[in-house]
Amino acid sequence: MGTSTDDSEASDGFPPEKRLEASNTRLIKAGIATIPDMETLQECVAYENAHQNRTQILRRLKWKAEELRENEE
1 MGTSTDDSEA
11 SDGFPPEKRL
21 EASNTRLIKA
31 GIATIPDMET
41 LQECVAYENA
51 HQNRTQILRR
61 LKWKAEELRE
71 NEE
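Given below as structure tokens:
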């Protein structure tokens with residue numbers, strides 16, 4: 001299923017399509033909440049833009065980016 005390149009997989013082995021294509025909103029929220037770093041977050045944003053482009057999901061990803069930035073400081 002999908003490509004097998006390492007570039008498309010998140011650093012924790014949980015690719016964007018698994019985080020964002022869950023069967024219900026709670027699972028998508030959990031997938032976003034467990035994003036470990038900015039690289040993974042950027043992969044998820046790129047995936048969402050290319051496939052679904054859902055405003056609500058992109059907004060959650062933006063909130064997660066802000067949270068990750070705060071934790072880096």
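Residues in the sequence shown are numbered from 1 upward in steps of one, following the UniProt record's numbering.
Glycine included, each C-beta is placed from N, C-alpha and C at the ideal position.
Practice problem: Kindly list the residues whose CB is nearer than 6 Å to the CB of Met38, restricted to its own chain and excluding five residues on each side of it in sequence; keep chain order. | Solution: Leu68
_Can you tell me whether Glu72 is helix, strand or coil according to DSSP?_
helix
- request: Kindly indicate which residue of Leu61, Leu20, Lys64 has the alpha-carbon position closest to the one of His51.
  value: Leu20
Could you tell me whether the Cβ atoms of Leu41 and Ile35 are closer together than 8 Å?
-> yes
Rounded to whole angstroms, what's the CA-CA distance from Ala33 to Asn53? Just pull it up for me.
18 Å
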